[in-house]
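Per our numbering, the very first residue in the sequence shown carries number 2; after that it's consecutive.
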Amino acid sequence: MKVLFVAGDPKPERWTVPIKELLPEAEIHVWDANGPAVNADYAIVWQPPAELFEREKSLKAVFNLGAGIDGLLAVPNLPPHLPVVRLEDAGMSVQMAEYVLHQLLEASRGMETYREQQREGIWKIHRPIKRSDWPIGVMGLGHIGKRVARTLADLDYRVNGWARSEHDLEGVTTFAGADHLPNFLQSTRVLVNTLPLTDETRDILNYTHLSQLMPGAVVINVGRGEHLVEDDLLRAIDDHHVARASLDVFRQEPLPSDHPFWQRPEITITPHISARTLRHATLEQITGKIRAHHNGQSITGIVDTSRGY
Ligand code: GLV
């Protein structure tokens with residue numbers, strides 16, 4: 002069995018050494034842009050070049066080194082029937098839950114105020130929060146969205162969840178489909194986006210939707226930059242309808258140095274770190290699936306390419 006590693010890491014051995022340890026029966030190759038075809042059976046990829054699918058004609062499945070497969074599905078020449086397998090959690094959802102909780106608490110517990118007071122040497126106690134003032138709405142109820150929603154519900158926040166299809170999640174009020182999006186938004190103050198990026202979800206965080214949130218809204222985007230219409234967020238902030246936003250993903254990454262978001266005190270910017278790919282957990286999962294697939298067993302995480310996730 003031949004496995005081809007295709008990701009723009011300048012030190013691919015960080016990946017290929019553990020892959021070989023986890024999958025000793027395989028021959029491991031690193032993508033060489035100028036090299037010949039290796040006739041790989043499986044490819045492990047992150048944002049691969051289009052030439053991959055022109056050159057490698059024996060692939061039986063392609064494994065994405067991330068949860069979001071929008072980048073991979075956009076690669077021209079991706080053979081329509083080639084199974085595409087996304088990462089399933091692999092230590093990401095707990096990190097996302099932490100990140101979202103942190104950003105929520107900055108707002109709900111007014112942490113910035115206490116930092117300002119400290120700078121001035123002021124000891125002043127503010128009123129305790131009412132959880133009922135901070136209803137949260139999680140968009141997307143996959144592995145990540147569910148974990149986020151459950152974590153916040155366990156802390157007694159009121160949590161709504163919205164997804165394309167029906168979901169049943171203990172302690173979470175769920176809404177399904179476009180028809181119920183307005184109800185979901187109107188009962189949400191802290192909007193958390195964990196949706197996959199598809200043609201249906203692109204630009205979903207737009208002015209029309211943001212302005213339906215409860216006043217003093219908080220937007221936390223850990224999905225993809227293309228979910229958010231950037232000017233619409235600025236407009237909603239200028240309207241004082243959205244009070245703050247925590248953004249981990251952007252249309253252009255790295256965020257250009259002259260981007261207006263950098264100058265906005267209402268916006269917290271992090272460089273796509275809300276959930277890092279944990280190498281060992283990731284490779285354990287992927288190599289386990291490669292072995293299973295090679296042995297003719299069924300595997301989970303195969304993307305429905307017509308749906309886009
Ligand atoms: C990261 O953004 C991922 O999709 O895993």
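All residues carry an ideal CB built from backbone N, CA and C; glycine is no exception.
Note that this is a predicted model, so its numbers are computed, not measured.
Exposed unless 16 or more other CB atoms sit within 10 angstroms - verdict on ASP259 = Walking along the sequence shown from the start, residue 259 turns up at place 258. With fewer than 16 other Cβ atoms within 10 Å, it is exposed.
Count the other CB atoms within 10 Å of the CB of SER299; is the residue buried (16 or more) or exposed (fewer)?
-> If you number the sequence shown from 1, residue 299 lands on position 298. Exposed.
So is the beta-carbon of ALA68 under 7 Å away from any non-hydrogen atom of the ligand GLV?
-> If you number the sequence shown from 1, residue 68 lands on position 67. For the ligand GLV, at least one heavy atom lies less than 7 Å from the Cβ of ALA68.
Could you round the C-beta distance between VAL46 and LEU66 to whole angstroms and report it? I think they count as a contact, below 8 Å.
-> For the purposes of this step, residue 46 is taken as the residue at position 45 of the sequence shown. For the purposes of this step, residue 66 is taken as the residue at position 65 of the sequence shown. The pair is a contact, with the Cβ atoms about 7 Å apart (cut-off 8 Å).
Going by C-alpha distance, which of VAL220, PHE262, PRO272 is nearest GLU254?
-> One-based indexing of the sequence shown puts residue 254 at position 253. If we check each option's Cα against that of GLU254, PRO272 comes out closest.
Cβ pair count under 8 Å reaching 3, the region 139 to 151 against the region 170 to 181 = yes
Decide yes or no for the touch test of the region 92 to 104 against the region 43 to 61: beta carbon pairs closer than 8 Å, at least 3 of them.
-> no
What is the C-beta distance between ARG252 and GLU231, in whole angstroms, given that I count them as a contact (C-beta under 8 Å)?
-> Position 251 of the sequence shown, counted from the first residue, corresponds to residue 252. Position 230 of the sequence shown, counted from the first residue, corresponds to residue 231. That pair is a contact at about 7 Å.
Does DSSP put ILE268 in a helix, a strand or coil?
-> Here residue 268 is taken as the residue at index 267 of the sequence shown, counted from 1. Three-state result, ILE268: strand.
Where in the region 54 to 121 do unbroken runs of the alpha helix (DSSP H), each at least 4 residues long, occur, reported from the N-terminal end onward?
-> 71 to 74, 93 to 109, 112 to 121
LEU186 in three-state terms, based on DSSP = Taking the sequence shown and counting its residues from 1, the one referred to as residue 186 is at position 185. Residue state, collapsed to three classes: helix.
With ALA51 and PRO77 assumed to form a contact (beta carbons below 8 Å), what rounded beta-carbon distance in angstroms separates them?
-> Within the sequence shown, numbered from 1, the residue matching residue 51 stands at position 50. Within the sequence shown, numbered from 1, the residue matching residue 77 stands at position 76. Confirmed, Cβ separation roughly 5 Å.
Grab me the residues of ALA27's own chain with a C-beta within less than 6 Å of its C-beta, minus the 5 sequence neighbours each way, in chain order.
-> By one-based count along the sequence shown, residue 27 stands at place 26. Only MET2, VAL4 meet the Cβ criterion.
Exposed or buried, what is GLU57 when buried is set at 16 or more other beta-carbons lying within 10 Å of its beta-carbon?
-> In the sequence shown, residue 57 corresponds to position 56, counting from 1. GLU57 comes out buried.
From ASP305, ILE221, ASN296, THR288, residue whose alpha carbon lies closest to that of VAL18 | In the sequence shown, residue 18 corresponds to position 17, counting from 1. Nearest C-alpha to VAL18: THR288.
Measure the Cβ-Cβ separation of GLN274 and PHE64 and say whether it is below 8 Å.
-> As a working mapping, residue 274 is identified with position 273 in the sequence shown. As a working mapping, residue 64 is identified with position 63 in the sequence shown. Residue identity check: residue 274 is Ile in the sequence provided, not Gln. The answer is no: Cβ separation not under 8 Å.
Under three-state DSSP, which class holds LYS290?
-> For the purposes of this step, residue 290 is taken as the residue at position 289 of the sequence shown. In this structure, LYS290 counts as helix in the three-state DSSP scheme.
Beta carbon of TRP163 nearer than 8 Å to that of GLY143 | Numbered from 1 along the sequence shown, position 162 holds the residue referred to as residue 163. Numbered from 1 along the sequence shown, position 142 holds the residue referred to as residue 143. No, the Cβ-Cβ distance between TRP163 and GLY143 is not below 8 Å.
Run through DSSP, which three-state label would THR152 get?
-> The count along the sequence shown starts at 1 and reaches residue 152 at position 151. Reduced to three states, the DSSP call for THR152 is helix.
Indicate the three-state DSSP secondary structure (helix, strand or coil) for GLU28 in the structure shown.
-> For the purposes of this step, residue 28 is taken as residue 27 along the sequence shown, with counting starting at 1. Strand at GLU28.
Note down, in chain order, each residue of its chain lying with its Cβ closer than 8 Å to the Cβ of LEU182, except the 5 sequence neighbours on either side.
-> Position 181 of the sequence shown, counted from the first residue, corresponds to residue 182. The answer, listed in chain order, is TRP163, PHE176, HIS210.
Based on the DSSP secondary-structure assignment, which residues constitute the bridge partners of ALA164?
-> The sequence position of residue 164 within the sequence shown is 163, counting from 1. Answer is ALA177.
Does at least one heavy atom of the ligand GLV sit under 7 Å from the Cβ of LEU229?
-> By one-based count along the sequence shown, residue 229 stands at place 228. Result no, Cβ not under 7 Å from the ligand GLV.
Exposure label - ASP90; buried when at least 16 CB within 10 Å | As a first step, residue 90 is located in the sequence shown; it is residue number 89 there, counting from the start. Classification of ASP90: buried, given that the 10 Å Cβ count is 16 or more.
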